[in-house]
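Protein chains in written order, with this note's numbering: chain A, -17 to 368; chain B, -17 to 368; chain C, 10 to 342; chain D, 10 to 342.
Report on the following structure.
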Amino acid sequence: MMDLEFSPQQEAFRQECREWLRANVPRGYKSGDTREGFQQHLQWEQELFANRWAVVSWPEAYGGRDASLMEWLIFEEEYYLAGCPPRITQNGIFLLAPTIFEYGTDEQKDRILRPMAAAEHLWAQGWSEPNAGSDLANVKSSARRTDGGRLLTGQKTWCTRGAFCDSAFGLFRTDPDAQRHKGLTYFLFPLKADGVTVRGVERLDGDLGFAEVFLEDVFVPDQDVLGEVNQGWYVAMSTTSSERGLSLRSPGRFMATAARLVDLYRRSRETADPALRQAVIQAWIDTEAYRWYTFQTATRMVDGHNIGAESSLTKLFWSDMDIQLHETALSLIGDLAELDEGSDSAVDGGDWLKGYQFSLAGPIYAGTNEIQRNIVAERVLGLPRK
Amino acid sequence: MMDLEFSPQQEAFRQECREWLRANVPRGYKSGDTREGFQQHLQWEQELFANRWAVVSWPEAYGGRDASLMEWLIFEEEYYLAGCPPRITQNGIFLLAPTIFEYGTDEQKDRILRPMAAAEHLWAQGWSEPNAGSDLANVKSSARRTDGGRLLTGQKTWCTRGAFCDSAFGLFRTDPDAQRHKGLTYFLFPLKADGVTVRGVERLDGDLGFAEVFLEDVFVPDQDVLGEVNQGWYVAMSTTSSERGLSLRSPGRFMATAARLVDLYRRSRETADPALRQAVIQAWIDTEAYRWYTFQTATRMVDGHNIGAESSLTKLFWSDMDIQLHETALSLIGDLAELDEGSDSAVDGGDWLKGYQFSLAGPIYAGTNEIQRNIVAERVLGLPRK
Amino acid sequence: MRFAFSEEQLMFRDAVRDLLVSECPPDVVRQAWENSSGRTADVWQKLASQGVPGMLVPESAGGLGLTELDMILVIEECGRAALPEPIVETAFVAPALLVGDVDRLGRIVAGTLAITAAPATQALFPFADGADELLVIGDHGGGLATLPGGAATTTSVDRSRRPARLAGYMAAGDQVGDAAGARLALNRGALGTAAYLVGLGASMLQVTVDYAKDRVQFGKPIGAQQAVKHHLANALNRLEFARPLVYRAAWSLANDKPDAGLHCSMAKVYANQAARLVSRTALQCHGAIGYTTEYDLHMWMKRAWALEGSWGTTADHLDRVGTSVVDTPGRAA
Amino acid sequence: MRFAFSEEQLMFRDAVRDLLVSECPPDVVRQAWENSSGRTADVWQKLASQGVPGMLVPESAGGLGLTELDMILVIEECGRAALPEPIVETAFVAPALLVGDVDRLGRIVAGTLAITAAPATQALFPFADGADELLVIGDHGGGLATLPGGAATTTSVDRSRRPARLAGYMAAGDQVGDAAGARLALNRGALGTAAYLVGLGASMLQVTVDYAKDRVQFGKPIGAQQAVKHHLANALNRLEFARPLVYRAAWSLANDKPDAGLHCSMAKVYANQAARLVSRTALQCHGAIGYTTEYDLHMWMKRAWALEGSWGTTADHLDRVGTSVVDTPGRAA
């Protein structure tokens, strides 16, 4: 039967989250994509882990609380409504970990997951290459057989926080004769090893959010292959699907943004154009729609359904919504909107502009929205590929 | 030198238009796409012609005033601002006539143009076929050689006002071995002749605005070929380009709609949502932008430039604008918006709903907006076709 | 937290869908454009035999005694079929104000009493030709008036709507129900209309997807063109995100939640916006064929236009949400 | 009616374009992000040697004595190059309030006086590090204040903007010009910024088209994908329809038309909207590469963001048009 209230246990869990997070939320951090900020965020991650808040949905053995999917959504709501900072462990715990849980050996799980959750070992994604962006199957980096492992050679790019991380995960061509999706293998590879050069790349907002990674005969032992050799594409797809889906952008962060937007509107409505009120209301309803859509999806997942291509709908929605939320805020701020986080005259510390810049990446990363629309059209609506 | 005022002669011309049109504008006509309304509009067209207002830009010999392009735009402004009805001769005077002026023989000009302008002989377009819509080159109707002419066989569809017209123009395959754009010829053909069956088709608003035309060995003499045999595609393209461009939708009609919208807003602002004010202002500015864009384009045409693919930009703009204008009006009208022209409770006689329905055809006819965006991208911006 | 319908609710929906697929195909909808009532009496009777009009009527009055949540998918199915019946007014709205009126409730259950309804703030009410009674909803309750049959005074773009001006009826009729019932009735009107719009949208989208797969231009189905794909993906997106707001509001009404009215407003906003986008997209992807009254799409589209302004416009409901969420300190978080 | 620029006007534009292509390539713009002034002194000097800063200065004061119409394309070119100079403020706005101030006008012509400016209603003014003087425009005239150099108090997302709070300067400085001059200055500020935005947009669009032709994914240029084509066609559309409103407003100012202010507002609305759409489109079609500060696009995009709120936001100018056109009976037709 439908029940849109949380159970007493869930409410108790929410209460526990809320109390701890509000008591411990750090303030005044720099961006986690700067060297200084990264260290601050690292501390925060370690504190989360020490209190078993880092990976609530994971088994206790790896530092989690065995929280259910609904509890995880509750945690996320409380996390962002408390004003807690972005997760620098995200690429590990939300992108890599689900794949390890699904395809990893016991040895890999035991070796990798706990240090990942504890932020002792930090993971970057290494999906893209200069000529494999939207066209991910065009990967050219290769892995050559050698004693006890393989030698990786090639170039990966747009590795999120690659300049600060210890390892990365990505696809390499193990069968040089196979084309496109075939002959690829999913590797975990070191970023601080012989043959690896990491070059930080500044994001739009000036933070060192990206890295280019150059690999020349970098040794990776066989134990760092995830899933079967030459099956990397299919292993990776399970990750990109979680990337687009629930785990990447839970409703909590947008609810928090909407609450801040409403607050901003109340402070600026004396001077703001009356038409902006409607934009604020619409943005707030958008976040409600996203929240309830997510509970609907989560219920289906709990019931054992596979979400699959529908996660593309989710990604289209939140990425557009996030931009709308921030554009509305910037319109309210008017000519002060150009001030960024470095400026103490900035409204709300420049968070809106920072957030706007981040939101603009939403329709690009994790598969551009153009690719997502293709997926929705072809796999959900059944339109012909060609 | 730039001069954005009209010359004294142009102002005098405007004054002359205005006086005559405002003194003679007919009121209370039914839609020109109904049998009753068509007769009313016919009368109006004949009155226009009698006073040499039917085709102001044509040579005097054919019933015009040799008006310049700018004067034609002035006439159009005054025509719609006076509240004059849509032109049922439009497909003839704006679509076919420019092609006749360019490709027609003297015999054709003398025989066809004057009765067309006088609304004695009415023309429908016959571009589309059931399997040749956006893909116009997929025309299957054929023209077989016979003594002194050709026998046309096939089916044309979406012929505007075809149920009321005397003749139509369209493409037929004269070379059965040629593919797509080749081997087509531009024919003028009768709608009231042996072998022709015309079936009226109701438009969205219930008017008999379309017709399907079935042709079976319909004789057309050689003198009714426009341009060269087998060159029909290129002849037709000059018409479709005028269809999209200036002559199809001059600024006047949108300026008139915007003025009515502002008037509607003033009457409803007590009860209308404040956010709608901004939508009204935006719509009004849109029509200003279109007006000045058109003067800019007209100046380039006067200077001898070919507009070409840029006419697709024009079509994209006015078709979107027209829908915006009407959607804004319907929002102002609220729950009365569903009432149509048959209803005396309808605001402004139901014109807004009627106009909305008509506006919805804008992104479809004269080449869908998707086709127009392709044209802009490929021919204006130079993006690759494939 | 469990956001899914029960097996029973889904089975009821499926049964209604099956019935409407067989009994209310587009040709039957088309008949209601022409006939004297604007309705489809046979279909209404068959729905009554499945218990639909009496879903919200208490068992004590012969109904099924179900909730808004049980009925919301049924209304969506009626929208999918573009059923030209006062399902929202008679079966969803009216019972809120007819508490204890065993006679009327019994006739609703039997399918022999059709009540049309509208908020007193609205200019028009629909089904003036075919409904038996009119329920006007004010602040303190409802006013009931008998309709003589053929009472339509105006013409809707949707020829089966048969609207009349509310003005002449405002003062007339019995006073029924109370302020709480009136609030419930207004919320149900907005929500039921939202669900109906979602159904209309789902149907328009499906018809368009089917057309885009079949229609070949330039040597391939137009649905293989990226522009068409992206239009349809965007339309699906708005529609799929309207659903949870509609279902959530139904749950809130069924469970008598204090914010249920707010939830109904959000549902109407999203359903209005989704239906408008889907209509536009459906027409555009069809091209000229969709622009004729011979093709069925137009009946769905025009119903959607009409319902967008009924039981509160988008602006009305945005404003209502704004009053409660944005204008009131301490609410949004 | 003749809506085209003269040969002389186009030649002047071409000369400035050529100069900026060679003297102000993206690397030079990038330097202004880092240096102490936020400006490009050499480029300004070269522009002065072509007469640009003095275009609107009367010949009697050593300028070219030209009009807003003569200068509008030049400002657009400065936008195309993302020139980090107070071209709008010094050369377009200031002369409106410095009538008869031969000394200052002479130094503007010579390129040795850079004046930044802002409406008194605005919170910030730009070029606080590199301009010599600040002109604050009130209702009755302007207030001039000397800037000490390095006066920026805040940081813009566009690092060459060097903004400072206007608050500290409001009372200070000489009173210059009159109410009519102030109105003209405000209109020129909005219009000049609109022209600059159109230039920024044209440049962003061109860079993106070039990228879309080159960048291959799935075996063909991304510009061959319909989705990319349609994004770019839509962006071009907004940009091309902003131009005539900008040029028309320039003509109206140059010819002292009573509605010139209204025309400037329309121009700013359209330029704001076009620049925003083009920015979004440019970034989206570039994908990740456009999202780095190593690639040049971001400097154009951030300038556009900053200018959208300068000299009146979109809402401000819509409201101004509304006050005059929509709220006033008898005006719209």
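Note that beta-carbon positions come from the ideal geometry of N, C-alpha and C, so glycine has one too.
Could you have a look at residue i and say whether DSSP puts it in helix, strand or coil?
{"i": "residue 342 of chain D", "result": "Its pLDDT being 48, under 50, residue 342 of chain D is placed unreliably by the model, and nothing is read from it."}
{"i": "residue 174 of chain B", "result": "coil"}
{"i": "residue 315 of chain D", "result": "helix"}
{"i": "residue 61 of chain C", "result": "coil"}
{"i": "residue 102 of chain C", "result": "helix"}
{"i": "residue 111 of chain B", "result": "strand"}
{"i": "residue 326 of chain A", "result": "coil"}
{"i": "residue 149 of chain A", "result": "strand"}
{"i": "residue 207 of chain B", "result": "strand"}
{"i": "residue 125 of chain D", "result": "strand"}
{"i": "residue 182 of chain A", "result": "strand"}
{"i": "residue 140 of chain D", "result": "coil"}
{"i": "residue 50 of chain D", "result": "helix"}
Under 7 Å between beta-carbons, which chain C residues line up against residue i? List them in chain order, please.
{"i": "residue 235 of chain D", "result": "234, 235 and 236"}
{"i": "residue 239 of chain D", "result": "236"}
{"i": "residue 299 of chain A", "result": "246 and 250"}
Tell me the DSSP bridge mates of residue i?
{"i": "residue 309 of chain D", "result": "DSSP output for residue 309 of chain D lists no bridge partner at all."}
{"i": "residue 229 of chain D", "result": "D:226"}
{"i": "residue 138 of chain B", "result": "B:195"}
{"i": "residue 128 of chain B", "result": "B:131"}
{"i": "residue 8 of chain B", "result": "Note: residue 8 of chain B sits in no beta bridge, so no partner."}
{"i": "residue 184 of chain C", "result": "C:152"}
{"i": "residue 105 of chain B", "result": "B:149"}
{"i": "residue 213 of chain A", "result": "A:166"}
{"i": "residue 301 of chain C", "result": "B:185"}
Along chain C, in chain order, which residues have C-beta atoms closer than 9 Å to that of residue i?
{"i": "residue -4 of chain A", "result": "Going along chain C, no residue has its Cβ under 9 Å from residue -4 of chain A, so there is no contact; the nearest lies around 11 Å."}
Taking Cβ-Cβ distances shorter than 9 Å, what residues in chain A pair up with residue i?
{"i": "residue 293 of chain D", "result": "342, 345, 346, 350, 351 and 352"}
Which chain B residues are close to residue i, counting only those with a beta carbon under 8 Å from its beta carbon?
{"i": "residue 275 of chain D", "result": "267, 270 and 271"}
Output, in chain order, the set of chain B residues within a Cβ distance shorter than 9 Å of residue i.
{"i": "residue 133 of chain C", "result": "317, 318, 320, 321 and 327"}
{"i": "residue 10 of chain D", "result": "-15, -14, -13, -12, -11, -8, 52, 55, 56, 277, 280 and 281"}
{"i": "residue 58 of chain C", "result": "Within chain B, no residue comes near residue 58 of chain C; the closest Cβ sits about 31 Å away, beyond 9 Å."}
Could you name the residues of chain A that residue i contacts, counting a contact when the two beta carbons are closer than 8 Å?
{"i": "residue 279 of chain C", "result": "267 and 271"}
{"i": "residue 203 of chain C", "result": "Here the premise fails: no neighbours, minimum Cβ distance about 12 Å."}
{"i": "residue 174 of chain D", "result": "327"}
{"i": "residue 335 of chain C", "result": "244, 247, 248, 259, 262, 263 and 266"}
Which chain B residues are close to residue i, counting only those with a beta carbon under 7 Å from its beta carbon?
{"i": "residue 104 of chain D", "result": "Within chain B, no residue comes near residue 104 of chain D; the closest Cβ sits about 21 Å away, beyond 7 Å."}
Identify every run of the alpha helix (DSSP H) within the segment 66 to 92 of chain C, keeping only runs that are complete inside it and at least 4 residues long; order them along the chain. 77 to 89
Could you name the residues of the segment 322 to 333 of chain D whose beta carbon sits closer than 7 Å to any beta carbon of chain G, in the order they occur along the chain? No chain G appears in this structure, whose protein chains are A, B, C and D.
Short of 9 Å Cβ to Cβ, which residues in the segment 274 to 293 of chain B face chain D? 274, 275, 276, 277, 278, 279, 280, 281, 282, 284, 285 and 292
Contact residues within the segment 140 to 153 of chain A, judged by C-beta distance below 9 Å to chain C: none
Using a Cβ-Cβ cutoff of 9 Å, what residues of the segment 144 to 169 of chain C are near chain B? List them in chain order. 162, 163, 164, 165, 166, 167 and 168
Jot down the residue ranges of each uninterrupted alpha helix (DSSP H) in the segment 205 to 272 of chain D, minimum 4 residues, whole runs only, in chain order. 235 to 263
Chain-ordered residues of the segment 247 to 263 of chain B with a beta carbon less than 8 Å from chain A: 255, 256, 257, 259 and 260
Taking Cβ-Cβ distances below 7 Å as the criterion, which residues of the segment 214 to 232 of chain C are in contact with chain B? 226 and 227
Any C-beta of chain A within less than 9 Å: which residues of the segment 297 to 314 of chain D qualify? 297, 298, 299, 300, 301, 302, 303, 307, 310, 311 and 314
Members of the segment 249 to 271 of chain C near chain A, C-beta cut-off 7 Å: 249, 250, 253, 254, 257 and 260
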